[in-house]
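A.B. asks:
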Amino acid sequence: MKPPRLRPGDVVGLFASASRMNEAWIATALANVRTLGLQPRLAPHVRAVHGHYAGTAQQRADDLHTLWADPQVRALWSIRGGAGTAQLLPLLDYAALRRDPKAVLGFSDVTALHLALQSQARLVSLHTLAASSELTPFSMQALRAVLMQPQSTLSLPISPEHQQRAAGDPAYRRRSVRAGVAEGPLLGGNLSVLSALVGTPYAAQADAALLLLEDVSELPYRIDRMLTQLELSGALRHAAAIVGGIFRDCENPPGQGGMPLAHVIDERLRSAGVPAVYGLGFGHVRDQLTLPLGIRARLDAGTQALTLLEPAVA
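If you read the sequence shown in the numbering used here, its first letter stands for residue -17, the second for the next number, and so on.
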């Protein structure tokens, strides 16, 4: 089920499903919503603190239910990721969420919520920048194009900044890992979260899907371990294709040795035997694509082109 299209003046609820907040993040999130021509509304417990988290799991789940039940709130946007979103998954009323579809925006640890909304409620949600992220012109236009200006098909753009950074940083270099063309619904997000949820009711159901993968600040041997876990679970080989984003700050430190990141990724993705690319514009990066999870898309791994085949919003 698709959420409604957002229009200027609509209310967007801001929530914290993971790590505790600070006032700077909250202020940036409020400003970003207003920059998009929308009205922000903070969830009741965004300033709550429970150890490392933004309140107890029940408080964070209650915030999602409160925003969802508010008829003025048309979408929900995660202020920031961190850790702890998975704690909310068994506490959510998926039947109530499905009765009134609303767009949920976020990435990183919010991958857990995206997976649950797809598997438990069959709702489209948006893998996109956090509300407290820097709202660059590229990421703002990418978000508008999906959430506010729906089109029947949409070829996702390449960030000029990423192209420039690729000259000096291998993490930003796009490449075809295994050629081929595939279609299927978009699924996935942060690799650490995807691997942590293997074996749970909320694990990625990757059969015939275009599986999105990204991460940050993980050494190559850890990336290898997590990709191997997805490989052993069947998620990689059962996917229609694998779409790698940016794995930022994931190289070995100088002098440490070990397999380079590119070798790890290429070896694991090639072994899945499906079309695969690396380096598309999503992950822990400034210029962030907006990827509607659950929407059918086409990947041409040879040209590293990703195209949305239907509108993400109703």
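The beta-carbon is built from N, C-alpha and C at its ideal position, and this holds for glycine as well. Predicted, not measured: the structure shown is a model, and the values here were computed from it.
Taking the beta carbon of P202 as the centre, do at least 16 other beta carbons fall within 10 Å, making it buried, or is it exposed?
C.D. replies: buried
A.B. asks: Under a Cβ-count criterion, where at least 16 other Cβ atoms within 10 Å of its own Cβ denotes burial, should V159 be classed as buried or exposed?
C.D. replies: buried
A.B. asks: Quick check on DSSP: helix, strand or coil for R207?
C.D. replies: The answer is helix: DSSP assigns R207 an H, G or I state.
A.B. asks: Helix, strand or coil: which one does DSSP assign to R2?
C.D. replies: coil
A.B. asks: Relative to the C-alpha of S121, which candidate in A294, T135, I140 and S134 has its C-alpha closest?
C.D. replies: If we check each option's Cα against that of S121, I140 comes out closest.
A.B. asks: Tell me the rounded alpha-carbon separation between A186 and F229.
C.D. replies: 19 Å
A.B. asks: With C-beta atoms as the reference, is V92 less than 8 Å away from G63?
C.D. replies: yes
A.B. asks: How is V225 classed by DSSP in three states: helix, strand or coil?
C.D. replies: strand
A.B. asks: Find the nearest neighbour of L20 within the set H27, Q100, G166 and R(-13), judged by alpha-carbon distance.
C.D. replies: R(-13)
A.B. asks: Three Cβ pairs or more, each shorter than 8 Å: is that satisfied between the segment 270 to 277 and the segment 125 to 136?
C.D. replies: By the C-beta criterion, the segment 270 to 277 is judged to be in contact with the segment 125 to 136, since at least 3 inter-stretch pairs fall below 8 Å.
A.B. asks: With three or more C-beta pairs closer than 8 Å as the rule, is the segment 232 to 240 touching the segment 276 to 290?
C.D. replies: The segment 276 to 290 makes no contact with the segment 232 to 240, as fewer than three CB pairs between them are under 8 Å.
A.B. asks: Ignore the nearest five residues each way along the sequence and tell me which others in G66's own chain have a CB closer than 6 Å to its CB.
C.D. replies: A0 and Y35
A.B. asks: I need the boundaries of the beta strand (DSSP E) containing V55, first residue and last residue.
C.D. replies: V55 to S60
A.B. asks: Rounding to the nearest angstrom, what Cα-Cα distance links W59 and R155 in this structure?
C.D. replies: 29 Å
A.B. asks: Need the endpoints of the beta strand (DSSP E) that D45 sits in, please.
C.D. replies: Per DSSP, D45 lies in no beta strand (DSSP E) segment; the continuous alpha helix (DSSP H) that holds it begins and ends at A39 to A51.
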